[in-house]
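Undergrad:
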Amino acid sequence: MRPGTGGARFGSKADTGSAGVADDGSTATSTPAGRDNVPGRPGRDYPTFSKPPVTGFSCRGKVPGMYADFETRCQVWHFCHENGHHRFLCVAGTVFSPISRTCDWWYNVDCRYDAFPPF
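Here's what the structure looks like:
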């Protein structure tokens, strides 16, 4: 990095973790999805989807809100609304918490529970 540049810019390849060339000409790389920094074993302790898969989840009969997808061990969550729904994916090592309605570390979430209100 050149002196006085202030580091990687927001949205730069160095900022996003993609392979690229830094300001000083060195190569910037990262571990795929950062999985080496996540405690536990990928695929066993937590799911490792790279995009939200199609599952049997349906918003039919549900009030608008946020719902964990249990078929994905909660790595995917759905936002149900009047006109349909949208699927979202938590990053590797995190799953959707119905309690906090955020993606949290897999070891902080019990994916077996759907007894919480959607909002």
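Residue numbers 738 to 856, in this note's numbering, belong to the letters of the sequence shown in order. Glycine residues also receive a C-beta, built at the ideal position from the N, C-alpha and C atoms.
What does a CB cutoff of less than 8 angstroms around Phe786 pick up in its chain, not counting 5 residues either side in sequence?
TA: Taking the sequence shown and counting its residues from 1, one reaches residue 786 at position 49. Closer than 8 angstroms at Cβ, skipping near neighbours: Thr809, Gln812, Val813, Leu826.
Undergrad: Restricting to Cα atoms, I'd like to know which of His815, Pro789, Thr792 is closest to Pro801.
TA: Your numbering for residue 801 matches position 64 in the sequence shown. For Pro801, the nearest C-alpha among the options comes from His815.
Undergrad: So for Phe807, helix, strand or coil by DSSP?
TA: Looking up residue 807 in the sequence shown gives position 70. Residue state, collapsed to three classes: helix.
Undergrad: Between the C-alpha atoms of Ser834 and Val828, what's the straight-line distance to the nearest angstrom?
TA: The residue you call residue 834 lines up with position 97 of the sequence shown. The residue you call residue 828 lines up with position 91 of the sequence shown. Taking the straight line joining both Cα atoms gives about 13 angstroms.
Undergrad: With burial defined as no fewer than 16 other Cβ atoms inside 10 Å of the residue's Cβ, what is the status of Tyr844: buried or exposed?
TA: Translated into positions along the sequence shown, residue 844 becomes position 107. With fewer than 16 Cβ atoms within 10 Å of its Cβ, Tyr844 is classed as exposed.
Undergrad: Closest by CA to Pro779, which one among Cys796, Cys817, Thr792, Thr831?
TA: One-based indexing of the sequence shown puts residue 779 at position 42. When each option's Cα is compared against that of Pro779, the closest is Thr831.
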